[in-house]
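Q:
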């Protein structure tokens, strides 16, 4: 047990450790971003981290203010052809319908169970809401976590035939590690479900559950039949963490303005604007999916994650750095 | 800049540091809770921290799961004769009415401005909601922070004639420090306003804004006249962080069940129950205000923070440890 008291001997040893560690850092000349090609994007990241952690720099950011936020879908892992969580919900309809057979003849469940992809593509937002409510609520928090864990262990992406958690971008993992190694807290700020992402964020990205901001439904505190306290997920939306909801969610959960923010779509615009509006050093970056060979190239007609002309115009106007997947990334996935 | 890569030499130095620090902890024999009298409460805290951080103990808790939650009003600072935030809101009515003179003749503002304490005591919950909306919303997050900071710098508690931020319980500060020194994240889980408490929590308690869970209103993202992105506080309640709202708020913001929880009133019951319902080592404690000389002794007729007979029965039934302010605390405030 550490007694938490600054005995002089203790302090002396701490100083010694700090000196030893500083020495170790100086001597390690290894590239912190080995999956990145040299270029303006890599340079912007390395220079930002250097300047904001150098006490002599005018851009120095005190450790407590070092907050970096990352969108997830399309920014740190594959979001095509569908958001992973949507795949989860659609596949869960099968399981839910087994427990509640009456749903089999009710829309939109009937369409989902038919497996007819064309008909599914035509489902409305209202239909999707019904599917989300049926598959994401009505169980305890622990039951939900266990279900997602089980699904992630077996589900595979159709293109790579690998678990979804392997389809993370190696260059972005390196960025997150570099930030953390320099005293930054890395947060997800995702349109995806907060509870869904929390299940794997720590093991997959090194981001603990308390650093996941996402679209969040309410829970209800009560007691089970044995009198044990339980939290049940209920179909009431507290936060839609997309577009303006991103800075709003950041304020709700973090309560500080980030100094660095990474996104890839029009849904991240407000987060980047909010990050940029603070004083001092700022880093705003967008991942551009322009690599059809190794991943995907999104045209303006892509339904999700659109990196539209309008977003590119915003990026240019505001001086945000665009990451070209094709040119800036030496490798996309760890398994390559 | 730390490169964040595990070079072998770096690891060796880390091991060396760990050994040196472990040695330092063993040699420092200082009491980690000097403001506590020896007794079952102090013993419970010290033993819990020892057991949960000792790898050889069956009660060991891995570092990432070390979450300790603290109620604020009545648990870590004075809540009598009124919650500090309520004092703030009532005093702010004056300022708001200067900007909007039409409020001077409208209830409940008229009553508040009259200064008639008897009439004010009779205000309804609906009246209070109007006062909260008028004083806590309609401004940007930064404007609100600046106003609270300014108020805290001059406002004084009527009994001690000292700033409210000096009326924190020294023994509880020591508990928080002990937990943090042993790898715990300390969180506030308060019925008070999340944004209000965040203004001073870091300087006063060492708890950063992102570790404050409280009653939270929504914000609205938009742009000011110059086109600058702003977050405006709006009168829409997202989380009432009291009673069942406490475990619900913990799930929303932290996403993990605490292993230790401290409260003082019936509003903390559900948080303590939720904490206790997890597996492994657990610590649930309640501060009992039984010291009229040094602070306050609450009778069952006290309007706020009631440590009722019902709560004492709960504590006994569940094996929660009750902290007697009178007997367990050598000193209450740092200035004593």
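Protein chains in written order, with the working numbering: chain A, 1 to 336; chain B, 337 to 672.
Glycine residues also receive a C-beta, built at the ideal position from the N, C-alpha and C atoms.
Model, not experiment: these values are computed from the prediction.
1) Please give the ranges of any beta strand (DSSP E) in the region 219-304 of chain A, keeping only runs that are unbroken, at least 3 residues long and fully inside the region.
2) Is there contact between the region 421-434 of chain B and the region 463-482 of chain B, where contact requires at least three CB pairs shorter than 8 angstroms?
3) Starting from residue 360 (chain A), find everything on chain B with Cβ-Cβ shorter than 7 angstroms and list it in chain order.
4) Closest to residue 607 (chain B) by CA distance: which of A:288, A:125, A:221 is it?
5) Which residue wins for smallest C-alpha separation from residue 200 (chain A), given the options A:149, A:281, A:267, A:239?
6) In chain A, which residues lie with their C-beta within 8 angstroms of the C-beta of residue 398 (chain B)?
7) Looking at chain B, is there any beta carbon in it that lies within less than 8 angstroms of the beta carbon of residue 322 (chain A)?
8) Would you decide whether residue 344 (chain B) is buried or exposed? Buried here means 16 or more other CB atoms lie within 10 Å of its CB.
9) Give a yes or no on whether the minimum CB-CB distance between residue 331 (chain A) and chain B is below 8 angstroms.
10) Per DSSP, what kind of secondary structure is residue 100 (chain A) in: helix, strand or coil?
11) What is the DSSP secondary structure of residue 26 (chain A), counted as helix, strand or coil?
12) Could you give the residue range of the beta strand (DSSP E) that holds residue 70 (chain A)?
13) State yes or no: is the beta carbon of residue 574 (chain B) nearer than 8 angstroms to at least one beta carbon in chain A?
14) Taking the alpha carbon of residue 37 (chain A) as the reference point, which residue from A:323, A:334, A:239 has its own alpha carbon closest?
15) Could you work out which residue in A:210, A:295, A:316 is closest to residue 332 (chain A) when comparing CA atoms only?
16) Using beta carbons (cut-off 8 angstroms, strictly below), is residue 282 (chain A) in contact with chain B?
17) Would a C-beta distance cut-off of 8 angstroms place residue 565 (chain B) and residue 146 (chain A) closer than the cut-off?
18) Using CA atoms only, rank isn't needed, just tell me which of A:133, A:193, A:170, A:273 is closest to residue 315 (chain A).
19) What three-state label does DSSP hand residue 84 (chain A) in the structure shown?
20) How would you label residue 223 (chain A), buried or exposed, when you count the other beta carbons within 10 angstroms and need 16 or more for buried?
21) Taking CB distances under 8 angstroms as the criterion, tell me whether residue 55 (chain A) reaches chain B.
22) What alpha helix (DSSP H) runs, 4 residues minimum, are completely inside the region 443-487 of chain B?
23) In the DSSP assignment, the beta strand (DSSP E) including residue 523 (chain B) goes from what residue to what residue?
24) For residue 121 (chain A), tell me which candidate among A:143, A:133, A:100, A:86 has the shortest Cα-Cα distance.
25) Helix, strand or coil: how does DSSP classify residue 664 (chain B) here?
26) How would you label residue 327 (chain A), buried or exposed, when you count the other beta carbons within 10 angstroms and need 16 or more for buried?
27) Here's the rule: buried if 16 or more other CB atoms are within 10 angstroms of the residue's CB, otherwise exposed. What is residue 182 (chain A)?
28) Have a look at the DSSP bridge pairing and note the partners of residue 215 (chain A).
29) Based on the DSSP output, what are the partners of residue 77 (chain A) in its beta bridges?
30) Could you give the first and the last residue of the continuous alpha helix (DSSP H) run that contains residue 381 (chain B)?
31) In chain B, which residues lie with their C-beta within 9 angstroms of the C-beta of residue 119 (chain A)?
32) Please tell me whether, using a cut-off of 7 angstroms, the distance from the CB of residue 367 (chain B) to the nearest non-hydrogen atom of the ligand NAD is below it.
33) Among the candidates A:185, A:175, A:165, whose CA atom is the shortest distance from the CA of residue 196 (chain A)?
A: Looking at the coordinates:
1) 229-239, 260-263, 283-288
2) Contact holds: three or more Cβ-Cβ distances are below 8 angstroms.
3) As shown, chain A starts at 1 and ends at 336. That puts residue 360 (chain A) outside it, with no answer to give.
4) Locating residue 607 (chain B) in the second chain gives position 271, where the first residue counts as 1. With distances taken between Cα atoms, residue 607 (chain B) lies closest to A:221.
5) Mapped onto the first chain, residue 200 (chain A) falls at position 200. When each option's Cα is compared against that of residue 200 (chain A), the closest is A:149.
6) The residue given as residue 398 (chain B) occupies position 62 in the second chain. Within 8 angstroms Cβ-Cβ: nothing; residue 398 (chain B) doesn't reach chain A, min ~11 angstroms.
7) Here residue 322 (chain A) refers to the residue found at position 322 when the first chain is read from its first residue. Taking Cβ atoms only, chain B never reaches closer than 8 angstroms to residue 322 (chain A), which makes this a no.
8) For the purposes of this step, residue 344 (chain B) is taken as residue 8 along the second chain, with counting starting at 1. With a pLDDT of 45 at residue 344 (chain B), under the threshold of 50, the predicted position of this residue should be treated as unreliable, and no value is reported.
9) As a working mapping, residue 331 (chain A) is identified with position 331 in the first chain. No, residue 331 (chain A) does not count as interfacial toward chain B.
10) On the first chain, position 100 is the one that residue 100 (chain A) refers to. If DSSP states are grouped into helix, strand and coil, residue 100 (chain A) belongs with coil.
11) Working through the first chain from its first residue, we reach residue 26 (chain A) at position 26. At residue 26 (chain A), the pLDDT of 47 sits below 50, so the modelled position is not reliable; the number obtained from the coordinates is stated separately. Of the three classes helix, strand and coil, the one that applies to residue 26 (chain A) here is helix, per DSSP.
12) By 1-based counting over the first chain, the position of residue 70 (chain A) is 70. Segment 67-70, the beta strand (DSSP E) holding residue 70 (chain A).
13) Position 238 of the second chain, counted from the first residue, corresponds to residue 574 (chain B). Judged by the 8 angstroms Cβ criterion, residue 574 (chain B) is in contact with chain A.
14) Position 37 of the first chain, counted from the start, is the residue given in the question as residue 37 (chain A). Out of A:323, A:334, A:239, A:323 has the C-alpha closest to the C-alpha of residue 37 (chain A).
15) For this step, residue 332 (chain A) is matched to residue 332 along the first chain. Taking residue 332 (chain A) as reference, the option from A:210, A:295, A:316 with the minimal CA-CA separation is A:295.
16) Within the first chain, the letter at position 282 stands for residue 282 (chain A). Chain B contact via Cβ: absent.
17) Residue numbering aside, residue 565 (chain B) sits at position 229 when the second chain is read from its first letter. Residue numbering aside, residue 146 (chain A) sits at position 146 when the first chain is read from its first letter. Not a contact, by the Cβ cut-off of 8 angstroms.
18) Sequence index remark: in the first chain, residue 315 (chain A) carries index 315 (1-based). It is A:273.
19) The residue given as residue 84 (chain A) occupies position 84 in the first chain. Helix at residue 84 (chain A).
20) Residue numbering aside, residue 223 (chain A) sits at position 223 when the first chain is read from its first letter. Residue 223 (chain A) should be labelled exposed.
21) For the purposes of this step, residue 55 (chain A) is identified with residue 55 of the first chain, where counting begins at 1. Closer than 8 angstroms: no.
22) 445-450, 453-457, 461-472
23) Counting from 1 along the second chain, the entry for residue 523 (chain B) is found at position 187. Residue 523 (chain B) -> beta strand (DSSP E) spans 521-529.
24) Translated into the one-based positions of the first chain, residue 121 (chain A) becomes position 121. Nearest of A:143, A:133, A:100, A:86 to residue 121 (chain A), Cα basis: A:86.
25) By 1-based counting over the second chain, the position of residue 664 (chain B) is 328. Three-state DSSP puts residue 664 (chain B) in a helix.
26) In the first chain, counting from the first residue as 1, residue 327 (chain A) sits at position 327. So residue 327 (chain A) counts as exposed.
27) Counted from its first residue, the first chain places residue 182 (chain A) at position 182. By the 10 Å Cβ count, residue 182 (chain A) comes out buried.
28) The count along the first chain starts at 1 and reaches residue 215 (chain A) at position 215. Its beta-bridge partners are A:193.
29) Within the first chain, numbered from 1, the residue matching residue 77 (chain A) stands at position 77. Answer is A:73, A:168.
30) For the purposes of this step, residue 381 (chain B) is taken as the residue at position 45 of the second chain. First-last of the alpha helix (DSSP H) with residue 381 (chain B): 376-389.
31) For the purposes of this step, residue 119 (chain A) is taken as residue 119 along the first chain, with counting starting at 1. Ordered by position in chain B, no residue passes the 9 angstroms Cβ test against residue 119 (chain A), which lies about 36 angstroms from the chain.
32) For the ligand NAD, the structure offers nothing, since it holds no ligand at all.
33) Indexing the first chain from 1 puts residue 196 (chain A) at position 196. Residue A:165 is the option with its Cα nearest to residue 196 (chain A).
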